[in-house]
Structures are given as C-alpha cells and as structure tokens.
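Colleague: Got a structure here, written out as structure tokens. Questions coming.
There are 2 protein chains.
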Amino acid sequence: MPGQVSNEQILFTRGVPAIEALPNHLLSECLQAALEGPDGKAVLQYGHNGGYLPLRQLLAEQYGATTDQVLVGNGSLHLQDILAGMLVKAGDVVFVEQPSYDRAIKTFRRRGARVIGIPLEHDGIDLAKLEQAIAQYKPVFMYVIPDFQNPAGVTTSTEKRQALVNLAERYNFWLLEDIPYRTLRYSGESLPLLRDFSKERVITISSFSKLISPALRVGYLVGPTSLVQQLTKLAEETILAPVLPTQAAVVEFHKRGYFASNLKNLKQLYSPRLAAIAQSLKTYLPEIPVAVPEGGFFISLTLPKQASNENIVAHAREAGLILTDGRDFFAEPLENEDADQGTRFVRLPFCALTPEQINEGVRRLATLLSK
Amino acid sequence: MPGQVSNEQILFTRGVPAIEALPNHLLSECLQAALEGPDGKAVLQYGHNGGYLPLRQLLAEQYGATTDQVLVGNGSLHLQDILAGMLVKAGDVVFVEQPSYDRAIKTFRRRGARVIGIPLEHDGIDLAKLEQAIAQYKPVFMYVIPDFQNPAGVTTSTEKRQALVNLAERYNFWLLEDIPYRTLRYSGESLPLLRDFSKERVITISSFSKLISPALRVGYLVGPTSLVQQLTKLAEETILAPVLPTQAAVVEFHKRGYFASNLKNLKQLYSPRLAAIAQSLKTYLPEIPVAVPEGGFFISLTLPKQASNENIVAHAREAGLILTDGRDFFAEPLENEDADQGTRFVRLPFCALTPEQINEGVRRLATLLSK
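So the protein sequences, as listed, match chains E and R.
Per the numbering used here, residue 2 is the first one in the first sequence, and the count goes up by one each step.
Per the numbering used here, residue 2 is the first one in the second sequence, and the count goes up by one each step.
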C-alpha cells in the first residue's frame, strides 16, 4: 500500500543491489572453505598477481578464453581506470553511448581523454551518428554497455552489435563492452556478446557486484592476450595483487552451486520490481514514452521539453524523492546535438526498492511534472 | 644442518612473510564473525568508500587522529599511487632515500615525477646531502621508510626524524612515511613516528600485509583532514570502495586479541632468523661491514668495489641463489654521487627462510665473492 511509504524518502539514486539479497551466510561459508582448505595459506600470501588462478580458470572457461586473457582486479571500475591509463594519451578521443555510466565518463576524462557521446536509441547506438563521429574523430576506444545499459536500460540489438564490431575493425579502435547486468535477464533471450563477433577488437569487462556482492569488489576483464599481459603488468605495478580471499570465495560460491541458486533468487526478487516500475510509469506518466527493459537495474525516461528549465533534482528532493542529476550521464555531445538533454534525463534504478516504494516514487515524480 | 638445503634454490628476493605464519584459521573465524554478525550484509554492500568505518575508528584511535584523517584502501601501494597521482605534476621532483623501495620509485615515476635519491646512512638520511638537494630542487614530497627500511634495513635515529620534519616544515614539502615493518621490532625500543613531530607535514602510510596477511591488501593512510578528504574523493572515483569483508575481518582480528598473539608469534619466528643471518654474515663475510637491524624483514650489504663489474644476480643464479637486482632500489643520484652503487648492493630478506636456508644462502654468496 502506498500509504505505508508516503512519508519516507524514496531513493532513485545509485544502482545498488537490494541489501536483503546479499548472501552473507553463503559467503561466510565460502570464505571459511577457502581459508580452511588446501589453498588456505596461499590465498593469504603474495602471488596470483593477475587474480586468483582458479577464478581466472573459471572465467576463461566461461568466456572461451585462455587464463592469460583474463585479469581479475578489485572491481571493474579500477580495471577501467588502469585500462584507460594504458590506452589513452592526453587529448585522445574516447566514444561512449549518450547517456553513459557517469563514473566511466569521469574516469576516462581523468586519464586525459576527450569523451564524446554518441546518441543512444532504443535498440543501441545511432549508427549513422557513430559513422559521422568516426569521420570527425579517431577514437582510441568506444565504451558500451550492451545489456540493460546504465543509465538508460537499453539493450543493443544483435544487428547493431555486429555493426559496431565491423566499424571497430574497419577503423581500428577498441570496443570496451561492460556487462555487469547481462546475467540479470528477467525475460527474453540473451543476445551475443560483442566478443562473440571479434576476440581481437573487443575487451569485455564485468564483475560480481550485481550478481553476488558489491563490496567483494571482484571485477574482471577478458581480452586479447598481449593487451591483457600488458595490463596485468600495469596492475601489478599499481596494486601488486588484488585481494585474494574474496576471489577464492567467489570460486567456492560457484563450486557449491550457490551462484546459480543466488541468481535465481535475485531474479525472483527483482523481476516484480521491474514490473512494478513499468506499471507505475504507465499509470502516472502515460504520456511519456518508456522502453521497458528485460533485465538489469535501470529504466529511464526523458521529460518533455517544457521541463527542461526546471531544476528537477532539487524539486524532487523537496518532494522526498532523491534523483541523480541527469547531466552526470552525458558526455560532450556531437555537433548539432542537444546539449541540454541531461537536464531532462531521469534514471530510475528499481532493484533496491520495494514495489510500494517504487509506486510512491513514480507518483511523486508525476506530481512534480504536473505542477 | 646446511646439508639439508644444499641442493635447493635459496630465494633472497621479495620481502614476503613466512607462509607458515599466515593465520588462515584465525582469519576464517574473523571473516565468519564479520559476515554472520549485525553488519554482515552492510560489509557486502556499497558504502564505506573511505574504508570500513570501524577499522578507520580503530586506526584513528591508534594514531591519535580523527576518522576523517584515515583512509583505508586495497594495500598501501595503491594509496601511494593515488597520492602521487594527486600531488605530482609531470616533471615535479620527489626525494627518496637512496636506496629505496623499488615499487615506490616506479610508482612515483609512472605518475610523472623525477625521483632523486638522497644517500642513506646507518642512522637515516645524510642530512647535509639532503640540504644540498633542497638547495638544488624543490621536492613535492620526500618518501621515507624510517623503521627497518626496505631495502637497507636501516632505522632513522630520533634526531634525524626531528631534523627531517624541520626541513619539511621550513621548505614546504610533504613527508610521506611508510611504516609497514615498524611493529615487527625484535629488540630495542620504538622511536617516535615522524607524525609525532608534525601532524601537518607528515602523511603516514602502513598496512597489515606484514602483520596479518599480504593478500588481504588492507593498507591505510593517516594525514591532515583536507588532504585525506581530497584523496578519499579520488579513491572513490578510482575504485568506488575498497574490498570490505577483509577489512571487517581485520577489525575482528583486533577485537578478539588475535592481533597481539599473532604479532608475538611472528616475532618468535622471525627473531631467530635475524640472528641467523647476522651470524652467517659474520661467519662467511666478516670483512664486509653490516648494520644489523632490530626488526623488520631486511638486512643489506654493499659488496667491495672490485665486485662492481660483475653481474652479481646472474652469477648468484648459477649458484642456486636468487637475488633481486640491486639497481632496482636506486633512483637518480645526486651530483657527484656514485651512479653504480646499485650493482654492488645486495638486499637479503630473511623472514621467509629457515635459519638453515639462510646459512646456506650466505655461504653461497661468500663463495661467489671469493672467486
């Protein structure tokens, strides 16, 4: 009942897992097994600089790669950071989807990149605009989130995946695909990875933050051997080795079948939350077009033009609704693109809220807009 | 008996803890307590971006600081990396002791610094040469390891600590004191921290790698509030948050009194190893002057001039003795300083070897030199 939540703040901010879904008891058991087992002292010692070898083996098998094509680090953001540090020279251009993950944009900029946003449509990047951008710039890499994109919720179609890879091969830039949400599909069928179209031009990054726990900070990267070797050396020089006991726990989590059962639980918890937000948007904001995703953490919308001059975030806060500033998700636009889209962009992460909180949150948002 | 080890390789290379000393059972218990306790889900969730708050509180108390003066990260090397990223602009000068920790020299260089080595004496830096260097350069910071220095084993005297801080205050540079070995004192009394002379000009870095386990990668930094706040923001942008369950385990490790008992065990294990290496050097290399440390992981020596042209590392390898290339520990020398000292410098980490291995290793080294 909406009444139960009417006075509390509703946080449509960060894409965090539901706290009740974090498998602390199972992980406790897995950590115990890792530390009491035959590798118990090895996972506390120096070594395993590119990540705990059994985890690299598990991932290599999963991605049809060799272990020297897999690097495991302390979360995927840090892998993005050192990768950008390796690939980007000051002033180099990097493409991202527009909108894109705010922290990735920031990271690439901090490493010296000029970050250009290529408009994202309901089925992935606008290819005509990407070609236009390629004619103008020579990107070092393009960063994409093909499944249940952060922040838009969009999934790139198979055709556009193939086209992206073709362009990357023709114009010699890296494709960095970030797929932390991919496995959280509540309906429909998985599409191929970009990696499935080219193992030479694609670097795949993911993590267990959304699938097991964020604070484990177990992220990984799969790519061509020479690039991964170079990056592993740089990672060693930067952090020596990643934290190992937690990586060993992730291996145990798989071995014991907990990964599959936990994933099932997550889907059972999150799927009704996606249904709730889709329904609430239909109920309270029927005039705004929304593409409902088949998985992940996010749904997004673009408010009508007349809302563009309002300070949405501040007004929402007064109404007990906490939103992320939409502008954070927007990089430098292409020429002739609307530079103010961010002010009307709203990301709604739905996994850490109950259906009641979701309903109340969307109701408040609609009230704001009708003012 | 030396005979027992005569055919195996002796690794006088990295400063690693003895594997048998890694407290895997105790840590397993602590991780379990952390994950099954009231904070069990919170230590798996996003949040605690500057480190697990109870650990920051514990360290703040230990160092007479406030929690916002403490940042906990994934190992101290990464904290050195982001600190250098924050403080160093391309071409800036950084001072280190000559010799110094090879990875620190590399890190500062990768962040754009020109790294100048100030000669280290048996009681700390050569102050006259430091003053000469200050007259010539304007360092952003000076990096020192005042206790049981890596690689030399030297401990800086109280007088020189005070003098260093005076110079840092007078000439406005940061002092970065790295103290991972400080607590491993086998005899004698602890000297004051540099921090004890100035909380405004000193940044203290340390970790639990040598005191509990390296692969926990729990490192921390204590410094002035404004600097730590800036650095915490940069850390969040780089890694989001550090790995938390391991930090929560470190808190439990203290709460249960395991830190004290484990430290006692480490000293009981390592102290005879220090005695063994001191005795072996006296026996086999009596003509080479050696300063025996009162703690830590390292003892070092400088071979006589006539050894300078030999490729010590390669010859040692043939004799089954693995050494680190001494040149790695040397930064750019001051004018008129010997640029080839590194070729004659030998670091001997003694904690991960038995007294028998130590004796045999030093015997082999002596044989090499008598050739």
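No residue lacks a Cβ here, since even glycine has one placed at the ideal position from N, Cα and C.
Mind checking which residues open and close the alpha helix (DSSP H) that includes Glu253(R)?
Modeller: Taken as a continuous stretch (DSSP letters only), the alpha helix (DSSP H) holding Glu253(R) covers Pro246 to Lys256.
Colleague: Decide yes or no for the touch test of the stretch 301-320 of chain E against the stretch 72-79 of chain E: beta carbon pairs closer than 8 Å, at least 3 of them.
Modeller: Because the criterion of three Cβ pairs below 8 Å is not met, the stretch 301-320 of chain E and the stretch 72-79 of chain E do not touch.
Colleague: Taking C-beta to C-beta, are Tyr102(R) and Val223(R) nearer than 7 Å?
Modeller: Cβ distance not < 7 Å, so Tyr102(R) and Val223(R) don't count as in contact.
Colleague: Name the two residues that bound the continuous alpha helix (DSSP H) containing Asn75(E).
Modeller: Premise fails: Asn75(E) lies in the beta strand (DSSP E), Val71 to Asn75, not in any alpha helix (DSSP H).
Colleague: Considering only residues of the same chain and omitting the five flanking positions on each side of Gly4(R), which have a CB-CB separation below 7 Å?
Modeller: Interpretation of Gly4(R) is limited by its pLDDT of 45, a score under 50 that renders its predicted location unreliable; no figure is taken from the coordinates.
Colleague: Quick one: what's got a C-beta closer than 8 Å to Thr68(R)'s C-beta in the same chain, skipping five residues either side?
Modeller: The residues are Leu54, Arg57, Gln58 and Ala61.
Colleague: Quick check: what's the CA-CA separation for Asn8(R) versus Ile359(R)?
Modeller: For Asn8(R) and Ile359(R), the distance between alpha carbons rounds to 13 Å.
Colleague: Under a CB-based cut-off of 7 Å, is Gly38(E) close to chain R?
Modeller: No, Gly38(E) lies away from the interface with chain R (no Cβ there is under 7 Å from its Cβ).
Colleague: Report, in whole angstroms, the separation of the C-beta atoms of Arg328(R) and Thr344(R), which I expect to be a contact under 8 Å.
Modeller: Going by Cβ atoms, the distance from Arg328(R) to Thr344(R) rounds to 6 Å, so yes, they are a contact pair.
Colleague: Cβ of Ala136(R) less than 7 Å from any chain E Cβ?
Modeller: Not closer than 7 Å to any Cβ of chain E, the Cβ of Ala136(R) fails to qualify, so no.
Colleague: Terminal residues of the continuous alpha helix (DSSP H) containing Leu28(R)?
Modeller: Counting along the chain, the alpha helix (DSSP H) containing Leu28(R) begins and ends at Asn25 to Glu37.
Colleague: Quick one: does Lys107(E) have its CB under 7 Å from some CB of chain R?
Modeller: Closer than 7 Å to some Cβ of chain R, the Cβ of Lys107(E) qualifies, so yes.
Colleague: Looking at the secondary structure, which residues open and close the alpha helix (DSSP H) in which Pro55(E) lies?
Modeller: Start and end: Leu54 to Tyr64.
Colleague: Met2(R) to Tyr285(R), Cα distance in whole Å?
Modeller: Its pLDDT being 43, under 50, Met2(R) is placed unreliably in this model, and the value from its coordinates should be taken loosely. Rounded to the nearest angstrom, the two C-alpha atoms are 16 Å apart.
Colleague: Ends of the alpha helix (DSSP H) at Arg104(R)?
Modeller: Asp103 to Arg111 is the span of the alpha helix (DSSP H), which, as asked, contains Arg104(R).
Colleague: I need the boundaries of the beta strand (DSSP E) containing Phe299(R), first residue and last residue.
Modeller: Here the beta strand (DSSP E) through Phe299(R) covers Phe299 to Thr303.
Colleague: Given that a residue counts as buried once 16 or more other Cβ atoms are within 10 Å of its Cβ, and exposed if not, what is Lys234(E)?
Modeller: The residue is exposed, with fewer than 16 neighbouring Cβ atoms inside 10 Å.
Colleague: Three-state secondary structure (DSSP) at Phe13(R)?
Modeller: Of the three classes helix, strand and coil, the one that applies to Phe13(R) here is strand, per DSSP.
Colleague: Compare the Cα-Cα distances from Gly41(E) to each of Ser29(R), Pro39(R), Pro287(R) and Leu36(R) and report the closest residue.
Modeller: The shortest C-alpha separation from Gly41(E) is found at Ser29(R).
Colleague: Using the three-state DSSP reduction, which class does Leu264(R) fall into: helix, strand or coil?
Modeller: In the structure shown, Leu264(R) sits in a helix (DSSP, three-state: H, G or I).
Colleague: Any beta-carbon of chain E closer than 7 Å to the one on Lys90(R)?
Modeller: Cβ-Cβ to chain E under 7 Å: no for Lys90(R).
Colleague: Which runs of the beta strand (DSSP E) at least 3 residues long sit entirely within the stretch 136-221 of chain E? Give them in chain order.
Modeller: Counting only runs of 3 or more, we get 140-145, 175-179 and 203-208.
Colleague: Does the CB of Ala216(E) have a neighbour CB from chain R at under 7 Å?
Modeller: Closer than 7 Å: yes.
Colleague: Per DSSP, which one or two residues make a beta bridge with His123(E)?
Modeller: His123(E) pairs with Gly125(E).
Colleague: CB Leu12(R) to CB Ile323(R), shorter than 7 Å?
Modeller: In this structure, Ile323(R) lies closer than 7 Å to Leu12(R) by Cβ.
Colleague: Check this for me: beta carbons of Gly118(E) and Val89(E), under 7 Å apart or not?
Modeller: No, the Cβ-Cβ distance between Gly118(E) and Val89(E) is not below 7 Å.
Colleague: Contact criterion: CB-CB distance below 7 Å. Does Lys42(R) meet it with respect to chain E?
Modeller: Lys42(R) counts as touching chain E.
Colleague: Alpha carbons only, please: which of Thr108(R), Val94(R), Leu36(R) and Ala66(R) is nearest the one belonging to Glu238(E)?
Modeller: Looking at the Cα atoms, Thr108(R) is the closest of the given residues.
Colleague: I need the straight-line Cα distance from Glu333(R) to Lys211(R), nearest angstrom please.
Modeller: Their backbone Cα atoms lie some 28 Å apart in a straight line.
Colleague: Cβ closer than 8 Å: which chain R residues qualify as neighbours of Thr400(E)?
Modeller: In the structure as shown, chain E begins at 2 and stops at 372. Residue 400(E) is therefore absent and cannot be evaluated.
Colleague: What do you reckon, are the CB atoms on Ala34(R) and Val44(R) nearer than 7 Å?
Modeller: No, the pair does not count as a contact, with Cβ atoms beyond the cut-off.
Colleague: Here's the rule: buried if 16 or more other CB atoms are within 10 angstroms of the residue's CB, otherwise exposed. What is Asn266(R)?
Modeller: By the neighbour-count rule (16 or more Cβ atoms within 10 Å), Asn266(R) is not buried but exposed.
Colleague: Over the uninterrupted beta strand (DSSP E) stretch that includes Pro350(E), give me the two end residues.
Modeller: Start and end: Phe346 to Pro350.
Colleague: Counting contacts by CB-CB distance shorter than 7 Å, is Gln33(R) in contact with chain E?
Modeller: So, interface residue.
Colleague: Could you check if Pro294(R) is buried or exposed, using at least 16 other CB atoms within 10 Å of its CB as the buried criterion?
Modeller: Result: buried.
Colleague: Report yes if the C-beta distance between Val244(E) and Asn75(R) is below 7 Å; otherwise report no.
Modeller: Their beta carbons are under 7 Å apart, which means Val244(E) touches Asn75(R) by this criterion.
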